[in-house]
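Reading through the structure tokens given below for one structure.
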Amino acid sequence: MHSDTLIESFADFAKFKNIDRPTMLKILDDVFRTMIRKKYISDENFNVVINAEKGDLEIWRYRQIVDDEEPDFDPITQIQLTEARKIQDDFEVGEQFAEAVKMEDFGRRLVQTARQTLIQKVKDLEKDILFQKYKDMVGEVVNCEVYQTLSKETIVSDQDKNELALPKSEQIPKDRFRKGDNVRSVIHRVEMVNGNPKIILSRSSPVFLERLFEMEVPEIYDGLISIRKVVREPGERAKVAVESFDDRIDPVGACVGMKGVRIHSIVRELCNENIDVINYTENRELLIARALSPAKISSVKINDKNGRASVYLDKDQVSMAIGKNGQNIKLASKLVGLEIDVFRENDDEDEEDVDIAEFDDVIDEWIIQELNRIGLDTAKSVLATSREDLIRRTDLEEETIDFLLEVLRKEFE
100 MHSDTLIESF ADFAKFKNID RPTMLKILDD VFRTMIRKKY ISDENFNVVI
150 NAEKGDLEIW RYRQIVDDEE PDFDPITQIQ LTEARKIQDD FEVGEQFAEA
200 VKMEDFGRRL VQTARQTLIQ KVKDLEKDIL FQKYKDMVGE VVNCEVYQTL
250 SKETIVSDQD KNELALPKSE QIPKDRFRKG DNVRSVIHRV EMVNGNPKII
300 LSRSSPVFLE RLFEMEVPEI YDGLISIRKV VREPGERAKV AVESFDDRID
350 PVGACVGMKG VRIHSIVREL CNENIDVINY TENRELLIAR ALSPAKISSV
400 KINDKNGRAS VYLDKDQVSM AIGKNGQNIK LASKLVGLEI DVFRENDDED
450 EEDVDIAEFD DVIDEWIIQE LNRIGLDTAK SVLATSREDL IRRTDLEEET
500 IDFLLEVLRK EFE
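Quick note: the sequence shown uses the numbering used here, first residue 100, plus one each step.
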């Protein structure tokens, strides 16, 4: 293979892969110098001149002319006077001898190896460029097209036909994709797997919701409103704490928009996820009250030592504070950074409910105390709390919780 054919084919390939000229010349120089070292041991006395546009390659070998009787003669860096004068008869000892090295001098096998090395170097460079590109884009929203749906992930392609992964764990539970669908998601992380870059996308990340607000609410994009914190149960419910730097702007109203037009587009994107926008405040008691909305809070007591907050409210507000499957209180706890325990303020006996203490003949006293600690003092308040939430908020074992729920359910059968 001639040098011009090799360089032209590589230049076309590099151009197709969007590799810039300096990088392409550097790769070519590295490969040809590797060929030189394989044949001549060292490349220090060689000069490689490449013209990628014309496909020209010149390799020049420089050696010092020495006397024929030189005792420390080095054939790699030196040439004897007699040999030099065969080329030009007026050479003298001490002068520099330059000769052009042709591609044919390297042999067919070495040239083929060089070609394969060139292609491999481009592929490695392409992987590195892709990795660096998306590493700098972590946290940004991208629009992609679904290429293939698998059991554990959905493969999507970007505008440059690069394949990106949207794992099942990073999807909203209600997401359903088919080939050709457009998908909007956030770049979650970028990692190298067996030498290949893998770009992981996410639609369940709080960052995705934050970026959607930035796209839909100009005041957030312009920096007039700040998103202080986002917590989510993907596809079900989310709470977003916002703060305004301009007293004339209502941060909650700006995020919701006229007739809810701004937030509705976000809700649709997130498969009808219920989003609570909360006005952030440094007053933690007030922030807890806002976080537990729509429940009306009577009073709040914060214990910084154990990182818990006791919230007191009327008995008809307890279920709203806890929310469906404990979602409201769970998200509120994440938002304020404290474990929230709910207590009924009105202790008047409910005719349709039973005080949990009345089950002391069946349920151990320490179990009742543990339930009281998180604000559950009646049978119905325990039954209104999901099994998962009881496991998370108490120190009770799963078998104990199952037994407890069975006893309480029988009371109302």
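Here a beta-carbon is modelled for each residue, glycine too, at the ideal position from N, C-alpha and C.
Keep in mind it's a predicted model, so treat the numbers as computed, not measured.
Count the other C-beta atoms from every protein chain shown that fall within 10 angstroms of the C-beta of residue i, then say buried if there are 16 or more, exposed otherwise.
i: Thr477; result: buried
i: Arg302; result: buried
i: Glu450; result: Confidence is the limiting factor: at Glu450 the pLDDT is only 48, short of 50, which leaves the residue's position unreliable and the question unanswerable from this model.
i: Tyr233; result: buried
i: Asp346; result: exposed
i: Asp123; result: A quick correction: the sequence has Met, not Asp, at residue 123. With 16 or more other Cβ atoms within 10 Å, it is buried.
i: Asp447; result: Caution is warranted here: a pLDDT of 49 is assigned to Asp447, below 50, making its placement in the model unreliable, and the coordinate value is therefore given only provisionally. So Asp447 counts as exposed.
i: Phe307; result: buried
i: Met134; result: buried
i: Lys125; result: exposed
i: Ser141; result: exposed
i: Pro272; result: exposed
i: Pro296; result: buried
i: Phe344; result: exposed
i: Lys185; result: exposed
i: Lys220; result: buried
What does DSSP give as the partner residue(s) for residue i in the beta ladder?
i: Phe50; result: This structure does not reach residue 50, given that the chain is present from 100 up to 512, and the question cannot be answered.
i: Tyr411; result: Ser398, Phe442
i: Lys328; result: Ala340
i: Arg283; result: Asn242
i: Ser485; result: Ser485 pairs with nothing; no bridge assigned.
i: Val200; result: Ile158
i: Asp375; result: Lys338
i: Glu262; result: Ser256
i: Leu369; result: BP columns for Leu369 are empty, so no partner.
i: Leu300; result: Ile286
i: Met357; result: Its beta-bridge partners do not exist; DSSP assigns none.
i: Gln179; result: Val165
i: Met291; result: Pro296
i: Asn150; result: Asp155
i: Thr477; result: Asp454
Give me the Cβ distance between residue i and residue j, rounded to the nearest whole Å; I'm assuming they're in contact under 8 Å.
i: Leu430; j: Arg336; result: 6 Å
i: Ala483; j: Ile387; result: About 20 Å separates the two Cβ atoms, so there is no contact after all.
i: Ala183; j: Phe172; result: With 8 Å as the limit, Ala183 and Phe172 do not qualify as a contact, their Cβ atoms being about 13 Å apart.
i: Asp167; j: Thr176; result: Not quite, the Cβ-Cβ distance comes to about 16 Å (not below 8 Å), so this is no contact.
i: Val130; j: Thr216; result: 5 Å
i: Ala491; j: Asp440; result: Per the sequence shown, the amino acid found at residue 491 is Arg instead of Ala. That pair is no contact at about 12 Å.
i: Ile254; j: Glu262; result: 6 Å
i: Ile473; j: Thr493; result: 6 Å
i: Glu269; j: Ser304; result: 7 Å
i: Glu318; j: Ala353; result: 5 Å
i: Val289; j: Val237; result: 6 Å
i: Gly425; j: Ser485; result: 5 Å
i: Arg162; j: Phe145; result: With a Cβ gap of about 10 Å, Arg162 and Phe145 do not count as contacting.
i: Ala456; j: Ile467; result: 6 Å
i: Leu495; j: Glu469; result: 6 Å
Would residue i and residue j qualify as a contact pair, given that the criterion is a beta-carbon distance under 8 Å?
i: Val341; j: Pro350; result: yes
i: Leu311; j: Glu368; result: yes
i: Ala390; j: Lys358; result: no
i: Lys414; j: Arg443; result: yes
i: Ile362; j: Gly356; result: yes
i: Ile158; j: Ala199; result: yes
i: Met314; j: Val376; result: no
i: Lys433; j: Gln416; result: no
i: Tyr379; j: Arg327; result: yes
i: Val165; j: Gln179; result: yes
i: Val453; j: Glu510; result: yes
i: Lys137; j: Leu209; result: yes
i: Val147; j: Arg132; result: yes
i: Lys278; j: Gln258; result: no
Checklist entry - What alpha helix (DSSP H) runs, 4 residues minimum, are completely inside the segment 428–473? => result 464–472
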